[in-house]
């Protein structure tokens, strides 16, 4: 659903901006600024909750129809969408609350709360979807609407836990004073300059995904299925990298705010080299055992063959992707949001999609050439990202001693590993 992708893009993208902004204020020892950034996040969550829920409820049927839903499919889709739109504010607020806590380095509470929501959803889904006659008829038998309702109830409980911990128990370093909230153009711009490009980059990737699906269906439905299966393996490979990258955003923001540039450079080197090393190991294992891994997802030999070829080729560029992901989050921690968007546009719309279209429809190449187009674009993006990062590091001032200078490299390593560990559990 495009609407829910928009919600995901906004909460994750703007949430990244919130995380980076809060981290930099904490690094500056400016608690009032960090508090105000968090309050802006709550205000944005309220704005987007009202806007997107209203759009979904008013135009939901038209959106479904525009994507070809008709008859029974349209009826079922609207049943699901209507309930989800009503519950959308819970999801949006929870996403921003997670970003606020990440900004102060707390990955533990979001991980626990997210786990609670997932477990509740798993328990409630069969109860609301099916009648469960074999279990005493405890189910409601609501079908698709029940699936949406189970999700909304789970997310509403997650929302309530966050509200209790942040506003009543005051678990966080951040203090909310919403009654005396003072809007700040500076803070809003600070969040948006990182968050908006991150959100738009997700839209660009969605467009690219659509283009590649159109290209791959030219070969067969099995090719599309193989690409989707391989994409799931991608996510497993990059789970630890996403965690390292999230930790980098917080730590880079804090040390940048504290003007501890030597420690910042060390964090960047340590984080990116860790991401690269982990991915090299995973890539080697994936190259050796690709057929076994794909076998967990499907028994179709055609799908397995296509997916294995994809994974064995991409094993050579996964480390480059890991560096690119980490580099983007470092730049976001520095308050530079535009590089991520520019690199994504060049990679997806400037290189991979045009090359794939050229190879397939002009040169009549086999499906492997679609993978080659993606690999070439990965190499181009890697070079641009490295250049951007090196330039940003060189432009940082020389060492400036202050209260955080006493941190040793071992302590910095510990902080990064601690954040990465909780982040990995969150994923």
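Residue numbers (the working numbering): 1 to 427.
Positions of the beta carbon are idealized from the N, C-alpha and C atoms, including for glycine.
Computed from a predicted structure; not experimentally measured.
**Message:** Please report the distance separating the alpha-carbon of residue 433 from that of residue 130.
**Reply:** Look at the range of the chain in this structure, 1 to 427, and you will see that residue 433 is not part of it.
**Prompt:** Would you call the CB atoms of residue 345 and residue 204 closer than 7 angstroms?
**Reply:** yes
**Request:** Along the alpha helix (DSSP H) that carries residue 31, what are the first and last residues, could you check?
**Result:** 31-66
**Asked** Counting Cβ pairs, one atom from each stretch, are 3 or more of them under 8 angstroms apart for the stretch 31-50 and the stretch 115-124?
**Response** no
**Request:** Determine the contact status of residue 10 and residue 47, defining contact as a CB-CB distance below 7 angstroms.
**Result:** no
**Item:** Nearest neighbour of residue 92, chosen from 246, 14 and 385 [CA to CA]
**Value:** 14
**Request:** Pull up the distance between the alpha-carbon of residue 147 and that of residue 96, whole angstroms please.
**Result:** 24 angstroms
**Request:** Take residue 192 and list the residues in its own chain whose beta-carbon comes closer than 7 angstroms to its own, dropping the five residues that flank it on each side.
**Result:** 17
**Request:** Please confirm whether residue 248 and residue 380 have their CB atoms less than 7 angstroms apart.
**Result:** no
**Prompt:** Got a sec, what are the start and stop residues for the alpha helix (DSSP H) residue 300 sits in?
**Reply:** That residue, residue 300, is in no alpha helix (DSSP H); it is neither H nor E in DSSP.
**Prompt:** Apart from the five residues just before and just after residue 89, which ones in its own chain have a Cβ nearer than 7 angstroms to its Cβ?
**Reply:** 49 and 53
**Asked** Should residue 160 go down as buried or exposed, given a rule of 16 or more other Cβ atoms within 10 Å for buried?
**Response** exposed
**Request:** Going by CA-CA distance only, name the one from 366, 349 and 31 that's closest to residue 200.
**Result:** 349
**Asked** Near residue 79, which residues of its chain fall below 7 angstroms by C-beta distance, leaving aside the five closest residues on each side in sequence?
**Response** 144 and 145
**Asked** Could you give the residue range of the alpha helix (DSSP H) that holds residue 249?
**Response** 221-257
**Item:** Buried versus exposed call for residue 65 [16 or more other C-beta atoms within 10 Å across all chains shown]
**Value:** exposed
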